[in-house]
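Data first, discussion second: the structure below is written as structure tokens.
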């Protein structure tokens, strides 16, 4: 379902580009084929960039060691905890009972299992400067924290036939094949909708009874205008949000790869209201928690106040998006009450999960335009 | 306004064929008076682009331009007596007669339909609708015998304008010319020759 929707929506986004290229009397099939190739190349480039930003197995273990250490250090400093981790300042006395289980849960989820720790230590011992390795120190401190807190880390139980088990038993080629076979639909839908869109429309209109021919023509034009306006508007808005957030994170000292990854995910999540900015906030904060040192590009920003700058920057981008960019690119294509949007998105998410969340707004736009335009046309033609 | 009902919906979606045995004298007259049978013409001119080239509206259009237009056009077929459009209702397409006879009618003050003229291949009608003026049609068009039409909708012209603005501009200027010609003819039939001059003279006096 998702590849179908992605292919279809991308076809809508690219329609004006195809129209512009057709003005040079290039064959539509050729233009669309070039677009498919260009989209695939851009997609693969972005994928490779994202893959490069994702840590490998040992790097992921190192990241977890660093995250565990930094989270506990920051919690300890905030609550002014003693060595027993049971006594702290007023804040700890007020909220410690509620926060401790939360920290325990986070610790359990990111702490290394004995097997993972063995692999991590083996990898560090091979390093030439193993003696002065801060990560080894972090690991020792983490073990002490686990003992003091009385936490034991066990391997997560393997569910027979579960998703994780299936992924593990499959080789990388099988996983790649499965992904390709699912997503091959997207470029196919993209290609055929762009190349034969008018043929499909004419085929549909051929099946329409003569009395409904002209009303249907007008309704289809209204639908095309509304959906095209929404999809192209939301695409531009997502690009704006993704680029702005990536730039913000880069200015705050987040590495390029991580900034692009967070920008991409935030942009892709933008069709679901507020989720794009939430993703960026979570991504940025996670980085600041994990990173030992942050080097912001502006001298006014320091590592102690970088989180405040992040929240302020995201709030500013969200305000700009809602008050300046959204009215400009979306116009009145989604002239629906915010409550309807909220209920629609929640219902879509509950019924169809991620696909429902992403497609809730386009569906609301289609249904609203269809009902309004069809009733107007049928009344004007005195058919109802 | 028509009452909305299941029966009404059924009539819209599944219109019943009229009794073929029923005598339709207007259709019979039209068939007798005008041209060849639809089947013969459709066999002779199977290519839609070639047919568009016959229409005076697109008379000097190049082969490439006609091909582009043909890709945006819709082929429709109508049974004897079927309405192509009805008076008083809005329009969204211009029609070209590919085969058969189309009768243009208008209701008189008593509500009875009076035939105005009969159109045959390769006539065009309902040009205003393609230009997109928001209006209610002042005539009806009825198929007399089996009719095959080519429709060019306003949305199709809009889409053509986004991709090929020069071609769409050419079509729109032609449509405007046709409409001006029709208006001139209408004025000539309504006003006596020299009538305008007389009224000017009166005003001068």
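Chains as they are written, first to last, in my numbering: chain B, 1 to 384; chain L, 1 to 205. Where is the CB? At the ideal position from N, CA and C, for every residue including glycine.
Next item on the list: Reducing DSSP to helix, strand and coil, say where residue 119 of chain L ends up.
Entry: Start at 1 with the first residue of the second chain, and residue 119 of chain L comes out as number 119. Secondary structure of residue 119 of chain L (DSSP, three-state): strand.
Check: At which residue ranges does the segment 78-146 of chain L contain complete alpha helix (DSSP H) runs of 4 or more residues, listed in the order of the chain?
Finding: Counting only runs of 4 or more, we get 127-131.
Margin query: the ligand GTP and residue 284 of chain B: does the residue's C-beta get closer than 6 angstroms to at least one heavy atom of that ligand?
Written below: Annotation note on the ligand GTP: not contained in the displayed structure, which lists no ligands.
Next item on the list: Determine, using beta carbons only, whether residue 202 of chain B comes closer than 7 angstroms to chain L.
Entry: As a position in the first chain, residue 202 of chain B is number 202, starting the count at 1. It does; some Cβ of chain L falls within 7 angstroms.
Next item on the list: With distances taken Cα to Cα, identify the nearest neighbour of residue 88 of chain B among B/79, B/95, B/16.
Entry: Counting from 1 along the first chain, the entry for residue 88 of chain B is found at position 88. Of B/79, B/95, B/16, the smallest CA-CA separation from residue 88 of chain B is found for B/79.
Checklist line | Between the CA atoms of residue 310 of chain B and residue 298 of chain B - distance to the nearest angstrom | finding: Within the first chain, the letter at position 298 stands for residue 298 of chain B. Within the first chain, the letter at position 310 stands for residue 310 of chain B. Roughly 13 angstroms separates the two Cα atoms.
Check: Per DSSP, residue 75 of chain L forms a beta bridge with which residues?
Finding: Counting from 1 along the second chain, the entry for residue 75 of chain L is found at position 75. Residue pairing of residue 75 of chain L in beta bridges, as defined by DSSP: L/150.
Next item on the list: Quick one: using the 10 Å Cβ neighbour count with 16 as the cut-off for buried, is residue 159 of chain L buried or exposed?
Entry: Within the second chain, residue 159 of chain L is the residue found at index 159, counting from 1. Residue 159 of chain L comes out buried.
Notebook entry, point to check: Under the rule that 16 or more other beta-carbon atoms within 10 Å means buried, what is residue 189 of chain B, buried or exposed?
Noted result: The residue you call residue 189 of chain B lines up with position 189 of the first chain. Buried, by the Cβ-count rule.
Note to self: Please state the DSSP three-state secondary structure of residue 145 of chain B.
What the structure shows: Residue mapping note: residue 145 of chain B aligns to position 145 of the first chain, counting from 1. Helix, per DSSP.
Notebook entry, point to check: Using a Cβ-Cβ distance under 7 angstroms, would residue 391 of chain B count as near chain L?
Noted result: The shown model of chain B, from 1 to 384, leaves out residue 391 of chain B, and the question about it has no answer.
Item checked: DSSP state of residue 369 of chain B mapped onto helix, strand, coil -> As a position in the first chain, residue 369 of chain B is number 369, starting the count at 1. Helix.
Item checked: Residue-chain proximity (residue 21 of chain L, chain B), Cβ-Cβ < 7 angstroms -> Taking the first residue of the second chain as 1, we reach residue 21 of chain L at position 21. Reliability of the predicted coordinates at residue 21 of chain L is poor, the pLDDT of 44 falling under 50, and no value is obtained from them.
Notebook entry, point to check: Could one say the Cβ of residue 165 of chain B lies closer than 7 angstroms to chain L's Cβ atoms, at least one of them?
Noted result: Taking the first residue of the first chain as position 1, residue 165 of chain B is located at position 165. Because the pLDDT of residue 165 of chain B is 46, which lies under 50, any placement of that residue in the model is unreliable, and the number read from its coordinates should be weighed accordingly. Cβ-Cβ to chain L under 7 angstroms: no for residue 165 of chain B.
Check: Which term fits residue 377 of chain B, buried or exposed, when burial requires 16 or more other beta carbons within 10 angstroms of its beta carbon?
Finding: For the purposes of this step, residue 377 of chain B is taken as residue 377 along the first chain, with counting starting at 1. Note on residue 377 of chain B: 16 or more other CB atoms within 10 angstroms of its CB, so buried under the neighbour-count rule.
Item checked: C-beta contact flag for residue 122 of chain B and residue 153 of chain B at 7 angstroms -> Translated into the one-based positions of the first chain, residue 122 of chain B becomes position 122. Translated into the one-based positions of the first chain, residue 153 of chain B becomes position 153. Result no, Cβ atoms of residue 122 of chain B and residue 153 of chain B do not sit closer than 7 angstroms.
Next item on the list: Give the residues of chain B in contact with residue 72 of chain L, contact being defined as C-beta atoms less than 8 angstroms apart.
Entry: Taking the second chain and counting its residues from 1, one reaches residue 72 of chain L at position 72. Ordered by position in chain B, the residues that pass the 8 angstroms Cβ test against residue 72 of chain L are 198.
Checklist line | Under the three-state DSSP convention, the category residue 274 of chain B falls into | finding: Counting from one through the first chain, the residue named residue 274 of chain B turns up at place 274. DSSP places residue 274 of chain B in coil when its eight states are reduced to three.
Margin query: Along the segment 270-299 of chain B, where does the CB come closer than 7 angstroms to a CB of chain D? Name the residues.
Written below: The chain inventory of the structure shown lacks chain D, comprising the protein chains B and L.
Notebook entry, point to check: Listing by chain order, which chain L residues have their CB less than 7 angstroms from the CB of residue 195 of chain B?
Noted result: Stepping through the first chain from its first residue, residue 195 of chain B is reached at position 195. In chain order: nothing, as chain L lies at least about 12 angstroms away.
Notebook entry, point to check: Got a sec? Which residues, its chain only, sit under 6 angstroms from residue 122 of chain L by beta carbon, not counting five neighbours each side?
Noted result: Your numbering for residue 122 of chain L matches position 122 in the second chain. The residues are 54, 55.
Notebook entry, point to check: Sorted by chain position, which residues of the same chain lie with C-beta nearer than 8 angstroms to residue 314 of chain B's C-beta, five sequence neighbours on each side aside?
Noted result: The residue labelled residue 314 of chain B in the question sits at position 314 within the first chain. Contacts found: 245, 248, 277, 280, 281, 284.
Note to self: Among the candidates B/3, B/55, B/382, B/124, whose CA atom is the shortest distance from the CA of residue 183 of chain B?
What the structure shows: Here the question's residue 183 of chain B lines up with position 183 in the first chain. When each option's Cα is compared against that of residue 183 of chain B, the closest is B/3.
Item checked: Beta-carbon proximity of residue 336 of chain B to residue 308 of chain B, cut-off 7 angstroms -> By 1-based counting over the first chain, the position of residue 336 of chain B is 336. By 1-based counting over the first chain, the position of residue 308 of chain B is 308. Not closer than 7 angstroms, so no.
Note to self: At the level of alpha carbons, what is the spacing between residue 287 of chain B and residue 8 of chain B?
What the structure shows: Translated into positions along the first chain, residue 287 of chain B becomes position 287. Translated into positions along the first chain, residue 8 of chain B becomes position 8. CA-to-CA, the gap between residue 287 of chain B and residue 8 of chain B works out to about 35 angstroms.
Margin query: Let me confirm a value: residue 381 of chain B is counted as buried when at least 16 other C-beta atoms fall within 10 Å, else exposed. Which label applies?
Written below: Position 381 of the first chain, counted from the first residue, corresponds to residue 381 of chain B. Buried, by the Cβ-count rule.
Next item on the list: Measure how close the beta-carbons of residue 125 of chain L and residue 102 of chain L come, nearest whole angstrom, since I'm counting them as under 8 angstroms.
Entry: In the second chain, counting from the first residue as 1, residue 125 of chain L sits at position 125. In the second chain, counting from the first residue as 1, residue 102 of chain L sits at position 102. Residue 125 of chain L to residue 102 of chain L, Cβ: 7 angstroms. Contact.
Next item on the list: Answer yes or no: do residue 14 of chain B and residue 46 of chain B have a C-beta to C-beta separation smaller than 7 angstroms?
Entry: As a first step, residue 14 of chain B is located in the first chain; it is residue number 14 there, counting from the start. As a first step, residue 46 of chain B is located in the first chain; it is residue number 46 there, counting from the start. Result no, Cβ atoms of residue 14 of chain B and residue 46 of chain B do not sit closer than 7 angstroms.
Margin query: Considering Cα atoms alone, identify which of B/343, B/85, B/306, B/117 is closest to residue 104 of chain B.
Written below: In the first chain, the residue the question calls residue 104 of chain B occupies position 104. Closest by alpha carbon: B/85.
Next item on the list: Report the rounded CA-to-CA distance for residue 117 of chain L versus residue 104 of chain L, giving the unit in angstroms.
Entry: Within the second chain, residue 117 of chain L is the residue found at index 117, counting from 1. Within the second chain, residue 104 of chain L is the residue found at index 104, counting from 1. Across the structure, residue 117 of chain L and residue 104 of chain L are spaced so that their CA atoms are roughly 5 angstroms apart.
Notebook entry, point to check: Helix, strand or coil: which one does DSSP assign to residue 115 of chain B?
Noted result: If you number the first chain from 1, residue 115 of chain B lands on position 115. The answer is helix: DSSP assigns residue 115 of chain B an H, G or I state.
Checklist line | Cross-chain neighbours of residue 205 of chain B in chain L, by beta carbon under 7 angstroms | finding: Indexing the first chain from 1 puts residue 205 of chain B at position 205. Within 7 angstroms of the CB of residue 205 of chain B, the CB atoms of chain L belong to 74, in sequence order along the chain.
Notebook entry, point to check: What is the C-beta distance between residue 98 of chain L and residue 51 of chain L, in whole angstroms, given that I count them as a contact (C-beta under 8 angstroms)?
Noted result: Position 98 of the second chain, counted from the start, is the residue given in the question as residue 98 of chain L. Position 51 of the second chain, counted from the start, is the residue given in the question as residue 51 of chain L. Right, their Cβ atoms sit about 6 angstroms apart.
Note to self: Is it buried or exposed, residue 305 of chain B, if we count other Cβ atoms within 10 angstroms and call 16 or more buried?
What the structure shows: To locate residue 305 of chain B, count along the first chain from 1; it is residue 305. Counting the other Cβ atoms within 10 Å of the Cβ of residue 305 of chain B gives fewer than 16, which makes it exposed.
Next item on the list: Give a yes or no on contact between the segment 202-216 of chain B and the segment 355-362 of chain B, applying the rule of three or more CB pairs nearer than 8 angstroms.
Entry: Taking a cut-off of 8 angstroms for Cβ pairs, the segment 202-216 of chain B and the segment 355-362 of chain B do not touch, as fewer than three such pairs fall below it.
Next item on the list: Say whether chain B places a C-beta atom closer than 7 angstroms to the C-beta of residue 155 of chain L.
Entry: Along the second chain, one-based indexing puts residue 155 of chain L at 155. Yes, residue 155 of chain L lies at the interface with chain B (some Cβ there is under 7 angstroms from its Cβ).
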